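A quick write-up on the structure given underneath.
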Amino acid sequence: MTAGDVLGTFADDGIAFPIPALTADELATVRGEWARIVGAHGGRLEHFDRAHYYFGWAWDLATHPRILDAVSAVLGEDVVIWGTLILSKAPHSEGFIAWHQDGEYARFLGDAPAVSAWIALSDSTLESGCM
912 MTAGDVLGTF
922 ADDGIAFPIP
932 ALTADELATV
942 RGEWARIVGA
952 HGGRLEHFDR
962 AHYYFGWAWD
972 LATHPRILDA
982 VSAVLGEDVV
992 IWGTLILSKA
1002 PHSEGFIAWH
1012 QDGEYARFLG
1022 DAPAVSAWIA
1032 LSDSTLESGC
1042 M
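Numbering (the working numbering), first residue to last: 912 to 1042.
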């Protein structure tokens, strides 16, 4: 999806997807790093806020050129990453994430334009509990 496609689709629909961002190797690296952190927490870690503050790999993901290109297509070149949130639900997890709209969190930014970049680290299917 080109920058023009991202902007046009976002303007028309309020969302632009899918935007391929990671290569297979990049995805494997991020998944491996997340698995290491989950393993260090006994195999159950479903929520991690501000990961980009603590882990280089999370910063690299949040600032990945293909992700920033897509965000910049909508917001312009002046981009600030004000938050990251990793949500992870293991098979048969009792965890619950309520339906929500990310725009609700943008109220903390006042009048500044904002978007959320959802980066799937696993397939989103009916069987896995799609988004």
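The beta-carbon is built from N, C-alpha and C at its ideal position, and this holds for glycine as well. In this text the structure is predicted, and so the values were computed from the model without any measurement.
Using the three-state DSSP reduction, which class does F959 fall into: helix, strand or coil? Position 48 of the sequence shown holds residue 959. Looking at F959 - three-state DSSP - the assignment turns out to be strand.
Is the beta carbon of A973 closer than 8 Å to that of T995? The residue you call residue 995 lines up with position 84 of the sequence shown. The residue you call residue 973 lines up with position 62 of the sequence shown. Contact: yes.
Alpha carbons only, please: which of S999, A1031 and F1007 is nearest the one belonging to H952? By one-based count along the sequence shown, residue 952 stands at place 41. Shortest Cα-Cα distance from H952 to any of S999, A1031 and F1007 involves S999.
Can you tell which of D923, G950 and V990 has the C-alpha that lies nearest to the C-alpha of A1028? On the sequence shown, position 117 is the one that residue 1028 refers to. Considering only alpha carbons, the answer is V990.
Could you tell me how far apart the beta carbons of A962 and I997 are, in whole angstroms, since I believe they sit closer than 8 Å? The count along the sequence shown starts at 1 and reaches residue 962 at position 51. The count along the sequence shown starts at 1 and reaches residue 997 at position 86. About 5 Å; that satisfies the 8 Å criterion.
What is the residue span of the beta strand (DSSP E) that L998 lies within? Start at 1 with the first residue of the sequence shown, and residue 998 comes out as number 87. L998 -> beta strand (DSSP E) spans L996 to L998.
Alpha-carbon to alpha-carbon, G915 and E1038: The residue given as residue 1038 occupies position 127 in the sequence shown. The residue given as residue 915 occupies position 4 in the sequence shown. So the alpha carbons of these two residues sit roughly 33 Å apart.
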